[in-house]
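Residue numbers (this note's numbering): 14 to 388. C-beta atoms are modelled at their ideal positions from N, C-alpha and C, and glycine is treated no differently. These numbers were taken from a predicted model, which means no experiment stands behind them.
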Amino acid sequence: MQITTTKESLASPLALVAGAADTRGTVPMLGTVLLKTTDAGKLSMICSDTGMLAKALTPVEVKQGGEIAVDVRRINELVRALPEKQPIEISIEADKGTLLVKSGRSRFRLPTLAASDYPRMSPAKEERISITMSARRLADMIADVTPSIADADVRVFLNGALFTLDNVGLFIVSTDGHRMTVSHEPIAGSDTLVPRNVIVPRKTVLLAKKLLGQGGNVTLTLGTKNVQFTFEDGTVLFGNSVDGQFPAWKNVIPASTERVTVSADRLAASLTMLAAAPDDKAKQDVMKHKVEISFTKATTTLRRGEAGLCELDSASSSDTPYELAFNINYLSDAVATIRSTSEEAVIGYSPAATAITMRPKDKDYPLTVVMPLRA
14 MQITTTKESL ASPLALVAGA ADTRGTVPML GTVLLKTTDA GKLSMICSDT GMLAKALTPV
74 EVKQGGEIAV DVRRINELVR ALPEKQPIEI SIEADKGTLL VKSGRSRFRL PTLAASDYPR
134 MSPAKEERIS ITMSARRLAD MIADVTPSIA DADVRVFLNG ALFTLDNVGL FIVSTDGHRM
194 TVSHEPIAGS DTLVPRNVIV PRKTVLLAKK LLGQGGNVTL TLGTKNVQFT FEDGTVLFGN
254 SVDGQFPAWK NVIPASTERV TVSADRLAAS LTMLAAAPDD KAKQDVMKHK VEISFTKATT
314 TLRRGEAGLC ELDSASSSDT PYELAFNINY LSDAVATIRS TSEEAVIGYS PAATAITMRP
374 KDKDYPLTVV MPLRA
């Protein structure tokens with residue numbers, strides 16, 4: 014392989030696919046990027062940890078075709094350090110087992126591994142369901158649910174987000190057992206699709222969010238046990254699903270008989286101020302994140318023990334005061350998703366229930382369910 018390219022063409026796609034590699038594992042090949050020229054005058058870059066695979070294409074001048082695997086961290090750091098607007102020549106030195114990178118009067122050699130040993134991933138032969146939508150809209154949906162995805166939970170099915178296609182559109186749901194967030198987008202023609210549910214691993218979800226930020230349209234494809242994001246520039250992210258049964262999330266949403274409407278910005282600011290005033294008298298670690306929230310007809314009060322108190326103007330549908338304690342971080346995350354779509358937040362509750370719901374005013378989604386703190 015012998016190609017010529019530039020930092021501007023190589024750096025961004027290389028950095029994006031690098032997120033799919035396993036640079037901390039014990040299998041050296043999983044920490045590499047597979048570089049391969051195509052007949053169309055492009056360089057294909059592939060990274061995989063065997064659970065997911067990311068592929069990007071970038072135009073290059075191909076003098077001689079070929080393929081090789083090279084440590085993704087080393088080449089990524091090297092490309093970032095090279096000067097701007099300077100041609101980069103990349104070639105394989107087969108006799109030395111190295112990849113030669115030249116830029117101006119500088120040259121660098123990186124150790125390589127055989128491309129033939131690189132792990133291959135491909136979807137099983139099955140009927141998969143595909144929809145095309147705005148990449149930025151899908152990125153926003155993922156951003157809404159990301160804070161609620163569990164991390165390293167023993168209940169492995171919580172360590173990802175549920176992607177559901179049904180007759181009313183696309184739902185993305187996540188929960189860590191303490192709160193749950195639901196995002197929704199209507200999809201034209203979804204009433205003709207066969208319902209499909211796939212739990213997408215946290216790592217795949219986070220990398221997808223980065224890729225989706227480039228804009229344009231994306232084709233989302235759901236198999237029975239895999240997901241694929243295909244972009245207009247040829248970038249592809251494919252991943253296997255998480256095994257297990259996701260909780261029946263629709264049953265988790267409590268029926269709210271009362272509603273409180275409050276400024277999302279002021280609620281967020283109050284939570285930020287209170288977070289800076291922890292209750293040092295709390296005896297249990299979990300209670301150090303506690304904030305008490307109470308509603309009256311025209312006021313919402315937030316309190317952190319004796320450390321701090323904030324009062325906000327609000328409008329409640331009930332004349333009966335209501336008070337409960339929650340994790341302040343969970344409330345802050347919920348308000349953050351609301352602020353991106355609405356100036357006002359609606360908090361739903363029922364005296365007969367303990368969990369509350371939070372959503373934008375005049376919208377059903379994104380919706381967050383927050384469970385109360387218990388001593």
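query, result
"contact_flag[the segment 377–386, the segment 195–209] where n(CB pairs < 8 Å) is 3 or more", "yes"
"Other residues of its chain near residue 283: CB distance less than 7 Å, five sequence neighbours each side excluded", "315, 323 and 325"
"8 Å contact criterion, which residue 146 and residue 231 should meet: CB distance rounded", "7 Å"
"Element boundaries [alpha helix (DSSP H), containing residue 246]", "Taken as a continuous stretch (DSSP letters only), residue 246 belongs to no alpha helix (DSSP H), as it is neither H nor E."
"At least three beta-carbon pairs within less than 8 Å, the segment 20–35 to the segment 64–74", "yes"
"Unbroken stretches of the alpha helix (DSSP H), 4 residues or longer, contained in the segment 312–362", "341–352"
"Sequence-distant residues of its chain with Cβ nearer than 7 Å to residue 157 (five each side left out)", "194, 196, 350 and 379"
"Own chain, CB closer than 7 Å to residue 352, minus 5 neighbours either side, in chain order", "277, 278 and 281"
"Sub-8 Å separation of residue 65 and residue 252 beta-carbons", "yes"
"Beta-carbon spacing of residue 56, residue 50 below 8 Å", "yes"
"Ranges of the alpha helix (DSSP H) found wholly within the segment 95–134, counting only runs of at least 4", "none"
"Validate contact between the segment 265–277 and the segment 356–366 using beta carbons, cut 8 Å, 3 pairs", "yes"
"For residue 67, the three-state DSSP class (helix, strand or coil)", "strand"
"Reduced DSSP secondary structure (H/G/I, E/B, other) of residue 194", "strand"
"Outcome for residue 286 when other beta-carbon atoms lying within 10 angstroms are tallied against a minimum of 16", "exposed"
"Same chain, Cβ closer than 6 Å to residue 329, five either side skipped, listed in chain order", "273, 308 and 310"
"C-alpha distance - residue 98 paired with residue 25, whole-angstrom precision", "14 Å"
"Beta-carbon gap between residue 347 and residue 313 smaller than 8 Å", "no"
"Nearest candidate by alpha-carbon position, reference residue 373, set 354, 209 and 267", "354"
"Which residues DSSP lists as bridging residue 214, in chain order", "173"
"Residues that residue 137 bridges to, as DSSP identifies them", "Paired residue(s): none; residue 137 is not in a bridge."
"Those runs of the beta strand (DSSP E) which lie wholly inside the segment 27–56 and span at least 3 residues", "45–50"
"Beta-carbon contacts of residue 258 that lie in its chain and below 7 Å, excluding the five residues immediately before and after", "170"
"Candidates 110, 122, 144 and 115: closest to residue 128 by CA position", "110"
"For residue 80: DSSP bridge partner residues", "49"
"Alpha helix (DSSP H) segment containing residue 263, residue limits", "262–265"
"Touching by the beta-carbon criterion (3+ pairs, under 8 Å), the segment 122–141 and the segment 182–194", "no"
"Residue 144 in three-state terms, based on DSSP", "strand"
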